[in-house]
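The structure appears below as structure tokens.
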Amino acid sequence: MAGALDAITQHKGLLAWLTEVVELLKPDSVYTCDGSEEEYKYMCDLLVEQGTFTPLNQTLRPDSFLARSHPSDVARVEDRTFIAVADMNEAGPTNNWVPARDMKDKMLRIFKNCMEGRTMYVIPFSMGPVGSPFSKIGIEVTDSPYVVVNMSIMTRVGLPVLEALGECGDFIPCIHSIGAPLAPFQADVPWPCERDPKHKYIVHFQEEPSIWSYGSGYGGNALLGKKCLALRVASSMAKKEGWLAEHMLILGLTSPEGKTHYIAGAFPSACGKTNLAMMLPTLPGWTVTCVGDDIAWMRLGEDGRLYAMNPETGFFGVAPGTSYASNPNAMESAKSNTIFTNTGLTDEGDVWWEDMGVAAPAHLIDWEGNDWTPEDGRKAAHPNSRFTAPARQCPVIDPKWQDPAGVPISAFLFGGRRASTIPLVNQAFDWEHGVFMGSAAGSETTAANLSKTGVLRHDPFAMLPFCGYNMGDYFSHWLSFAGRTDAEKLPKVFFVNWFRKDDDGKFLWPGYGENSRVLKWIFERVEGTGEAVETPIGYLPAPGALDLSGLDISDDAMKQLLAVEKEGWLNEVDGLSKYYDEFGDRLPAELRKQLAALKERLG
Ligand code: SAT
Ligand code: MN
Numbered sequence: 023m024a025g026a027l028d029a030i031t032q033h034k035g036l037l038a039w040l041t042e043v044v045e046l047l048k049p050d051s052v053y054t055c056d057g058s059e060e061e062y063k064y065m066c067d068l069l070v071e072q073g074t075f076t077p078l079n080q081t082l083r084p085d086s087f088l089a090r091s092h093p094s095d096v097a098r099v100e101d102r103t104f105i106a107v108a109d110m111n112e113a114g115p116t117n118n119w120v121p122a123r124d125m126k127d128k129m130l131r132i133f134k135n136c137m138e139g140r141t142m143y144v145i146p147f148s149m150g151p152v153g154s155p156f157s158k159i160g161i162e163v164t165d166s167p168y169v170v171v172n173m174s175i176m177t178r179v180g181l182p183v184l185e186a187l188g189e190c191g192d193f194i195p196c197i198h199s200i201g202a203p204l205a206p207f208q209a210d211v212p213w214p215c216e217r218d219p220k221h222k223y224i225v226h227f228q229e230e231p232s233i234w235s236y237g238s239g240y241g242g243n244a245l246l247g248k249k250c251l252a253l254r255v256a257s258s259m260a261k262k263e264g265w266l267a268e269h270m271l272i273l274g275l276t277s278p279e280g281k282t283h284y285i286a287g288a289f290p291s292a293c294g295k296t297n298l299a300m301m302l303p304t305l306p307g308w309t310v311t312c313v314g315d316d317i318a319w320m321r322l323g324e325d326g327r328l329y330a331m332n333p334e335t336g337f338f339g340v341a342p343g344t345s346y347a348s349n350p351n352a353m354e355s356a357k358s359n360t361i362f363t364n365t366g367l368t369d370e371g372d373v374w375w376e377d378m379g380v381a382a383p384a385h386l387i388d389w390e391g392n393d394w395t396p397e398d399g400r401k402a403a404h405p406n407s408r409f410t411a412p413a414r415q416c417p418v419i420d421p422k423w424q425d426p427a428g429v430p431i432s433a434f435l436f437g438g439r440r441a442s443t444i445p446l447v448n449q450a451f452d453w454e455h456g457v458f459m460g461s462a463a464g465s466e467t468t469a470a471n472l473s474k475t476g477v478l479r480h481d482p483f484a485m486l487p488f489c490g491y492n493m494g495d496y497f498s499h500w501l502s503f504a505g506r507t508d509a510e511k512l513p514k515v516f517f518v519n520w521f522r523k524d525d526d527g528k529f530l531w532p533g534y535g536e537n538s539r540v541l542k543w544i545f546e547r548v549e550g551t552g553e554a555v556e557t558p559i560g561y562l563p564a565p566g567a568l569d570l571s572g573l574d575i576s577d578d579a580m581k582q583l584l585a586v587e588k589e590g591w592l593n594e595v596d597g598l599s600k601y602y603d604e605f606g607d608r609l610p611a612e613l614r615k616q617l618a619a620l621k622e623r624l625g
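Residue numbers for the sequence shown follow my numbering, beginning at 23 and rising by one.
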């Protein structure tokens with residue numbers, strides 16, 4: 023429905039904002055998205071016509087498409103991501119701060135006339151079930167139909183959202199442009215975007231709040247409901263309103279006896295959140311159901327427990343490494359109605375990527391559109407190539423995944439990619455120790471961000487790129503939950519590391535479905551039955567407490583996986599102490615206390 027907006031909403035604030043936006047961006051035409059299936063099809067056809075989409079083989083991959091981005095536009099751009107507030111201390115040392123007023127002037131200059139020659143799409147979207155008091159509504163304007171179709175999978179879009187907004191509801195304005203206006207008669211390209219990395223801007227005006235994103239059409243840079251709204255903006259709102267917006271998967275774990283506990287886990291981008299969230303346990307009788315794979319919004323319920331909901335409706339998962347062996351449920355989720363970006367394209371018209379569990383074809387078209395054969399030695403798929411798949415297609419989607427009340431969380435997991443020191447699993451002594459563990463998280467960097475990969479960086483709570491305010495205040499916010507409810511009603515906290523390597527650089531733990539063994543122990547700890555030993559770093563599984571039945575793993579590997587290596591830990595303490603210095607007086611005293619206590623326990 024290329025409808026005029028004033029025919030479908032009476033929201034004066036929205037209409038006034040859109041008038042201003044049109045005046046600034048000067049699009050050729052305006053299209054308001056109704057969220058219908060016909061509209062989705064129409065947009066896909068349009069993308070095919072424009073050369074952005076290649077339709078995949080209808081038998082092998084029904085109603086699915088491949089997009090190839092421009093090689094300069096393949097991941098989030100953290101160094102071009104800004105928190106725009108008046109006071110630098112409110113953004114804190116982990117964010118790129120810019121003074122809000124100057125940045126607004128700059129954005130007004132940069133966005134001026136940037137949609138000339140293009141259509142502006144207006145996407146009303148709801149993060150969380152439409153109409154739930156805990157959901158947030160955004161209105162994204164964009165000149166990218168690719169963004170429209172991805173948003174349609176990832177969020178709830180269209181007329182029901184406008185209805186929920188009513189005549190005076192709150193919404194978060196989100197302005198997105200690929201930054202590639204078209205002059206009259208200028209031919210378009212398949213993936214138009216600003217090519218100069220220094221001219222891309224992902225800006226969060228936290229005090230308004232509003233989001234302005236310029237120059238990129240890829241993932242979290244452009245689908246503004248995801249990292250921008252549901253994490254950076256929402257984390258700031260959550261701090262003020264007393265809840266949590268976290269970079270966490272949410273899964274349900276059900277025992278052979280039929281008891282379910284929900285677990286939320288924070289891991290940096292491309293560290294296996296999607297794999298864990300919908301894992302197929304190797305332990306007989308145990309099942310995992312998926313509530314979400316990337317973002318959790320959590321509040322205390324009336325019973326004093328913490329309830330989590332997934333504000334999204336789709337998965338934007340990393341393709342390479344996803345296979346029927348590593349994540350069968352993701353493969354099933356992406357069987358149809360899926361958008362692939364930057365994977366390889368086989369001669370049969372299906373997608374292919376590295377470690378897909380399917381032998382490399384003799385020939386394909388790689389993610390840059392070139393002929394490719396296995397002998398080339400190049401990657402066929404970009405390491406950050408993605409599938410956008412509807413969550414409803416996940417065979418193990420949890421029955422409560424759209425419940426506006428959310429699901430009660432029994433345990434938190436923190437983790438990252440750590441080749442050494444950090445054991446397979448370690449339980450915090452209490453809430454404060456758990457928050458300390460979250461603050462101490464770090465990971466070797468991945469291709470999800472356009473910077474050097476494989477370097478260890480601190481990534482507290484996996485929120486380094488996503489916390490929209492001073493991280494020191496964020497730590498305090500987490501600590502504050504101990505005073506808001508009974509300590510025993512809060513989730514138990516665990517630190518896990520699936521990525522431990524031996525001296526030859528080989529992974530010690532098989533991971534994937536075998537992680538159910540660790541989840542089982544966590545379940546038992548929550549129930550009060552799992553056996554643990556107290557160590558200087560936390561509670562580790564007692565000998566024999568991890569169910570290793572049927573697993574071929576050496577005693578020596580297990581010993582390494584569950585060792586407390588004093589020297590490595592003293593290094594961690596040192597590194598963390600220096601890292602904490604960055605937060606100055608915004609660092610809660612409790613965390614220094616935890617650090618000192620750990621050092622003392624290590625002796
Ligand atoms: O591009 S996204 O930010 O959506 C994916 C990720 O980095 O986790
Ligand atoms: Mn993520």
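Don't be surprised by glycine CBs; every beta carbon is placed ideally from N, CA and C. All of these numbers come straight from a predicted model, not from anything done at the bench.
Within the stretch 481-539, the complete beta strand (DSSP E) segments at least 3 residues long are 514-518, listed from N- to C-terminus. With a threshold of 7 Å, the Cβ atom of S291 counts as near the ligand MN, since some heavy atom of the ligand is closer than that. A heavy atom of the ligand MN is found nearer than 7 Å to the CB of D316. If you draw a straight line from the Cα of G188 to the Cα of Q228, it is about 24 Å long. Here L570 is exposed, its C-beta having fewer than 16 other C-beta atoms within 10 Å.
Per the Cβ contact rule, the stretch 43-53 is not in contact with the stretch 320-328 (fewer than 3 Cβ pairs under 8 Å). For a cut-off of 8 Å, the C-beta gap from A186 to N492 is around 32 Å, too long to register as a contact. Between I159 and F193, the C-beta spacing is below 8 Å. Here the C-alpha atom of F147 lies approximately 12 Å from the C-alpha atom of N172.
As the crow flies, the alpha-carbon of V373 is around 49 Å from that of G606. With three or more CB-CB distances shorter than 8 Å, the stretch 282-300 counts as touching the stretch 453-473.
The beta carbon of L501 sits closer than 6 Å to those of V457, P610, E612, all from its chain and outside the five residues before and after it, given in chain order.
Between the stretch 207-217 and the stretch 82-102 there are three or more C-beta pairs closer than 8 Å, enough to call the two in contact. By the 16-neighbour rule on beta-carbons within 10 angstroms, D165 is buried. Counting along the chain, S232 sits inside no alpha helix (DSSP H); it lies in the beta strand (DSSP E) bounded by residues 232-236.
In this structure, the ligand MN has no non-hydrogen atom nearer than 7 Å to the beta-carbon of H404. According to the DSSP assignment, L46 belongs to the alpha helix (DSSP H) that extends over 34-47. Distance from the Cα of T116 is smallest, within the candidate group P482, N351, G428, for P482.
Less than 8 Å separates the beta-carbon of P563 from that of L584. The secondary-structure analysis by DSSP pairs K158 across a beta bridge with M149. Here the stretch 323-339 lies against the stretch 497-513, with 3 or more beta-carbon pairs under 8 Å apart. Inter-residue distance for P306 and W265 is about 36 Å (C-alpha atoms, whole angstroms). Between G57 and L181, the gap from beta carbon to beta carbon is short of 8 Å. Distance from the CA of E390 to the CA of A352, rounded to the nearest whole angstrom, comes to 24 Å. Distance between R440 and E587, taken at the CA atoms: about 14 Å.
Given a length threshold of 4 residues, the stretch 356-394 has no whole run of the alpha helix (DSSP H) inside it. When the alpha-carbon of L204 is set against those of T81, G139, S174, T177, the nearest one is in G139. For R131, the CB stays at least 7 Å from every heavy atom of the ligand SAT.
Between E594 and T443 a beta carbon distance of about 6 Å is seen, short of the 8 Å cut, so the two are scored as contacting. Between the C-alpha atoms of L302 and E216 there is a straight-line separation of about 41 Å. Using a C-beta cut-off of 8 Å, the stretch 68-83 makes no contact with the stretch 337-345, since fewer than three inter-stretch Cβ pairs fall below that distance. With respect to the C-alpha of G552, the residue from L568, N537, V310 having the closest C-alpha is L568. Using a Cβ distance threshold of 8 Å, L617 and Y602 count as a contacting pair.
One alpha carbon belongs to L512, the other to F104, and they sit about 33 Å apart. Note that the C-beta distance between T311 and L253 is not below 8 Å. In the structure shown, the three-state DSSP call for H269 is coil.
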